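**Student:** Before we start, here is the structure in question, set down as structure tokens.
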Amino acid sequence: MNIVIALIPAVMWGIMPLVVSKIGGKPKQQIIGTTLGALVFALGVFFFTNPEYTATIIIASFISGAFWSLGQMNQFRAFTQVGVSKTMPLSTGMQLVGTSLFGVFAFHEWGTTSKLVLGFSALALIIIGIFLTSYQQNKDENSGQNMKKGIITLLISSVGYVGYVVITRWFDISGWDAILPQAIGMVIAGLLFSIKSEEKRFTKQTWLNMIPGIMWATGNLALLFSNKLVGIATGFSLSQMGVVISTIGGILFLGEKKTKKELVLVIIGVILVIIGGTMIGIAKS
Numbered sequence: 004m005n006i007v008i009a010l011i012p013a014v015m016w017g018i019m020p021l022v023v024s025k026i027g028g029k030p031k032q033q034i035i036g037t038t039l040g041a042l043v044f045a046l047g048v049f050f051f052t053n054p055e056y057t058a059t060i061i062i063a064s065f066i067s068g069a070f071w072s073l074g075q076m077n078q079f080r081a082f083t084q085v086g087v088s089k090t091m092p093l094s095t096g097m098q099l100v101g102t103s104l105f106g107v108f109a110f111h112e113w114g115t116t117s118k119l120v121l122g123f124s125a126l127a128l129i130i131i132g133i134f135l136t137s138y139q140q141n142k143d144e145n146s147g148q149n150m151k152k153g154i155i156t157l158l159i160s161s162v163g164y165v166g167y168v169v170i171t172r173w174f175d176i177s178g179w180d181a182i183l184p185q186a187i188g189m190v191i192a193g194l195l196f197s198i199k200s201e202e203k204r205f206t207k208q209t210w211l212n213m214i215p216g217i218m219w220a221t222g223n224l225a226l227l228f229s230n231k232l233v234g235i236a237t238g239f240s241l242s243q244m245g246v247v248i249s250t251i252g253g254i255l256f257l258g259e260k261k262t263k264k265e266l267v268l269v270i271i272g273v274i275l276v277i278i279g280g281t282m283i284g285i286a287k288s
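Residue numbers for the sequence shown follow the numbering used here, beginning at 4 and rising by one.
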């Protein structure tokens with residue numbers, strides 16, 4: 004039962020990109036919808052928990068949530084540039100590298116020689132996996148430009164995601180205490196990011212995208228439980244498995260085309276990212 008709970012984040016976060024892409028809408032409509040969904044979920048959780056708020060917890064969690072919106076909105080943009088099946092392994096790999104490097108240099112993780120060797124070997128595997136998943140066999144000028152745009156977009160996205168994780172870790176804020184102020188930060192940042200948009204911010208797609216927002220929040224809550232049930236290392240490692248669902252789902256359910264060579268390299272790349280993520284989880288223990 005504990006492992007089932009620990010797999011919920013992977014399932015929720017793996018399916019979420021597929022649901023967002025099926026619902027459609029512009030990235031700015033998607034980010035508003037998903038953040039509103041996360042806020043509704045956070046309000047529900049608030050009434051069943053007893054968070055302890057201080058000014059530091061509220062402000063830091065709020066800023067953390069704003070960083071999440073930066074990361075998520077740019078991930079949505081990358082979906083339109085390179086597709087879900089390329090975006091998710093690239094995004095997952097970049098996040099793993101970014102958070103791990105912060106963990107080593109800012110929080111002094113991997114404190115033994117064996118853990119350093121394991122951790123940096125994991126990063127090497129993840130980087131190789133990133134290159135494999137981004138491979139394009141039949142390049143033309145348009146697809147090449149889209150890939151460059153996608154990588155730049157995902158680098159910005161990864162800054163957002165890493166900031167989201169690092170800020171709460173820096174101030175040693177419990178996930179239970181952070182949930183509501185984070186969600187408020189997500190919504191306000193999402194609204195600010197879309198303020199100059201010429202498209203309507205509130206459409207049918209905006210409201211429907213609350214569903215994947217609730218899915219993301221469900222995965223986040225399950226991760227808090229799984230960290231206690233199976234440990235942070237195992238919970239973290241299992242949560243990375245969602246990249247398999249989103250990558251394969253992008254190909255099978257969203258109809259994203261790949262040559263046989265690209266498909267093989269994507270599968271190998273995803274496997275390497277997962278192995279690297281698992282090794283990082285072990286190094287954290």
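Glycine residues also receive a C-beta, built at the ideal position from the N, C-alpha and C atoms. Just so you know, these numbers come straight off a predicted model, no measurement behind them.
Just the C-alpha distance for Ile129 and Ser103, rounded to the nearest angstrom, thanks.
**Tutor:** C-alpha separation (whole angstroms): 11 Å.
**Student:** Under 8 Å between the Cβ atoms of Ser249 and Tyr167?
**Tutor:** Not a contact, by the Cβ cut-off of 8 Å.
**Student:** Note down the Cα distance separating Phe174 from Thr59, rounded to an integer number of angstroms.
**Tutor:** About 8 Å.
**Student:** On the premise that Pro12 lies in contact with Gly222, defined as a C-beta separation below 8 Å, what is that separation, rounded to the nearest angstrom?
**Tutor:** Right, the Cβ-Cβ distance comes to about 4 Å (below 8 Å), so this counts as a contact.
**Student:** Which residue's Cα is closest to the Cα of Phe50: Lys231, Leu183, Lys203, Gly272?
**Tutor:** Closest option to Phe50, Cα to Cα, is Leu183.
**Student:** So, for Val165: in the same chain, excluding its five sequence neighbours on each side, which residues have a beta-carbon less than 6 Å away from its beta-carbon?
**Tutor:** Cβ neighbours of Val165 beyond the five flanking positions: Gly101, Thr102.
**Student:** Taking the alpha helix (DSSP H) that Arg80 belongs to, which residues open and close that run?
**Tutor:** Unbroken alpha helix (DSSP H) run through Arg80: 58-85.
**Student:** Identify the continuous alpha helix (DSSP H) that holds Met15 and give its terminal residues.
**Tutor:** Element bounds for Met15: 5-26.
**Student:** My parser needs the alpha helix (DSSP H) runs of 4 or more residues fully inside the stretch 82-157; what are they?
**Tutor:** Counting whole runs of 4 or more residues, the stretch 82-157 contains the alpha helix (DSSP H) stretches 87-108, 116-136.
**Student:** With respect to the alpha helix (DSSP H) encompassing Asp180, which residues constitute its N-terminal and C-terminal limits?
**Tutor:** Element bounds for Asp180: 178-196.
**Student:** In this structure, does DSSP put Met244 in helix, strand or coil?
**Tutor:** DSSP places Met244 in coil when its eight states are reduced to three.
**Student:** Would you check whether the ligand MG has a heavy atom nearer than 7 Å to the C-beta of Ser146?
**Tutor:** Ligands displayed in this structure: none; no statement on the ligand MG is therefore possible.
**Student:** When the Cα of Ile61 is compared with those of Gln84, Asn212, Glu202, Gly188, which residue comes out closest?
**Tutor:** Checked all of Gln84, Asn212, Glu202, Gly188; the closest Cα to Ile61 is Gly188.
**Student:** Evaluate Gln258 with the Cβ neighbour count: other Cβ atoms within 10 Å of its Cβ, from every protein chain shown; 16 or more gives buried, anything less gives exposed.
**Tutor:** Position check: residue 258 holds Gly in this sequence, whereas Gln was assumed. Exposed, since its Cβ has fewer than 16 Cβ neighbours within 10 Å.
**Student:** How far does the alpha helix (DSSP H) with Gly289 in it extend, from its first residue to its last?
**Tutor:** This structure gives no information on residue 289, because the portion of the chain shown stretches from 4 to 288.
**Student:** Give the secondary structure of Lys260 by DSSP, where H, G and I count as helix, E and B as strand, and everything else as coil.
**Tutor:** Here Lys260 sits in coil by DSSP.
**Student:** Suppose you measure from the CA of Ile271 to the CA of Leu46; what does that come to, to the nearest Å?
**Tutor:** When rounded, the distance between both Cα atoms is 41 Å.
**Student:** Closer than 8 Å by C-beta to Arg204: which residues in its own chain qualify, once you throw out the five before and the five after it? Chain order, please.
**Tutor:** Taken in chain order, the residues that qualify are Lys31, Gln32, Ile35, Leu194, Ser197.
**Student:** What span of residues does the alpha helix (DSSP H) with Lys31 cover, start to end?
**Tutor:** Taken as a continuous stretch (DSSP letters only), the alpha helix (DSSP H) holding Lys31 covers 30-49.
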